[in-house]
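Participant: Take the sequence shown: its position 15, counting from 1, is numbered 176 in our numbering, and each next residue is one higher.
No residue lacks a Cβ here, since even glycine has one placed at the ideal position from N, Cα and C.
Below are the structure tokens for one structure; questions will follow.
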Amino acid sequence: MARVAEECYRVLKPGKHCAVLIGNTRKYKHYVPIATRVLLAFLDAGFILREEVIKLQWKMKTTRESWLCKYDFLLIAHEHLYIFRKLEEGESPTKYKRSMKWL
Numbered sequence: 162m163a164r165v166a167e168e169c170y171r172v173l174k175p176g177k178h179c180a181v182l183i184g185n186t187r188k189y190k191h192y193v194p195i196a197t198r199v200l201l202a203f204l205d206a207g208f209i210l211r212e213e214v215i216k217l218q219w220k221m222k223t224t225r226e227s228w229l230c231k232y233d234f235l236l237i238a239h240e241h242l243y244i245f246r247k248l249e250e251g252e253s254p255t256k257y258k259r260s261m262k263w264l
């Protein structure tokens, strides 16, 4: 994902936005935080996080209730929509430091 983020940063014009919709998953009944890793890859590439939207999965309420009776883990009921921005040329990043990669 780091290569994808770097290429997106390279081709995106300064001041423009890039959005990524990503969900997490489970492997062997354990949570795999794919969305967090994608977020970090895009921040490492130099993007600023403009917004994070949590998109709820459709029809999850009834599925979740029946799921708990059968299995010993919860369903993942949302996805992340990350909206990133590339700084304008000459724009100071200091005012956005809390939305950028932590040092």
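Which value, in whole angstroms, describes the spacing of the CA atoms of C179 and Y189?
Facilitator: Distance between C179 and Y189, taken at the CA atoms: about 32 angstroms.
Participant: Buried or exposed: which applies to V181, given that a residue is buried once 16 or more other Cβ atoms fall within 10 Å of its Cβ?
Facilitator: By the Cβ neighbour-count rule, V181 is buried, with 16 or more other Cβ atoms within 10 Å of its own.
Participant: Which residues in the same chain as V214 place their Cβ atom closer than 6 angstroms to its Cβ, once the five residues preceding and following it in sequence are excluded?
Facilitator: Cβ-Cβ distances below 6 angstroms link V214 to L242 in the same chain, with the five nearest sequence neighbours on each side left out; the list follows chain order.
Participant: Look at S253 and L210 and say whether their C-beta atoms are less than 7 angstroms apart.
Facilitator: With respect to the 7 angstroms criterion, S253 and L210 are not classified as neighbours on the basis of their beta carbons.
Participant: Could you check if R246 is buried or exposed, using at least 16 other CB atoms within 10 Å of its CB as the buried criterion?
Facilitator: buried
Participant: In whole angstroms, what is the alpha-carbon distance linking G176 and L200?
Facilitator: 19 angstroms
Participant: Just mark A163 as buried or exposed, buried being the case when its beta carbon has 16 or more other beta carbons within 10 Å.
Facilitator: exposed
Participant: Who are the Cβ neighbours of L248 in its own chain at under 7 angstroms, not counting the five residues just before and after it?
Facilitator: P175, I209 and P254
Participant: For A238, name the three-state secondary structure that DSSP assigns.
Facilitator: coil
Participant: According to DSSP, what are the bridge partners of R246?
Facilitator: H178 and I209
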